[in-house]
Structures are given as structure tokens and as C-alpha cells.
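Residue numbers (our numbering): 6 to 69.
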């Protein structure tokens with residue numbers, strides 16, 4: 006559970022912005038979406054390898 010202390014005289018919009026930022030950093034929504042359906046370990050490993058290949062290709066293009 007996220008707790009955001011509100012300081013005296015603080016704007017509610019600013020506190021809401023801090024809450025949203027903290028919520029994004031906890032990656033709660035990403036975790037919920039990943040748990041909706043089971044992915045086989047081989048599929049998740051393949052996705053991880055493809056992501057690494059993509060990042061490496063971007064870095065290689067940057068060097069050229």
C-alpha cells in the first residue's frame with residue numbers, strides 16, 4: 006500500500022502527481038498484466054533475447 010504524506014498547505018494536484026510517480030515506480034500495473042496469462046519460460050526467455058538483440062542493434066547503429 007502506498008502512503009503519500011501531504012504537507013501543510015500542499016496543493017492536492019502536486020500530491021497526486023507524487024502518488025502517480027511512486028505508483029509507476031512500483032510497477033504494479035505491469036505485474037498485474039503479466040499475471041493475467043501464463044507465459045511459458047521458453048517464451049519469456051525468447052522475448053528477453055529479442056529485446057537484447059534489438060538494443061544491441063541500436064547501439065551498433067549509433068557507433069557507425
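C-beta atoms are modelled at their ideal positions from N, C-alpha and C, and glycine is treated no differently. Nothing here was measured: the structure is a model prediction, and the numbers come from that model.
First through last residue of the alpha helix (DSSP H) which encompasses residue i
i          : result
residue 34 : 33-40
residue 65 : 46-68
Contact with chain C by residue i, beta-carbon distance below 9 angstroms
i          : result
residue 58 : Annotation note: the requested chain C is absent from the structure, which comprises a single protein chain.
Cβ distance (whole Å) where residue i is taken to contact residue j below 8 angstroms
i          : j         : result
residue 23 : residue 9 : 6 angstroms
Nearest to residue i (by Cα), restricted to the options the options
i         : options    : result
residue 7 : 27, 49, 43 : 27
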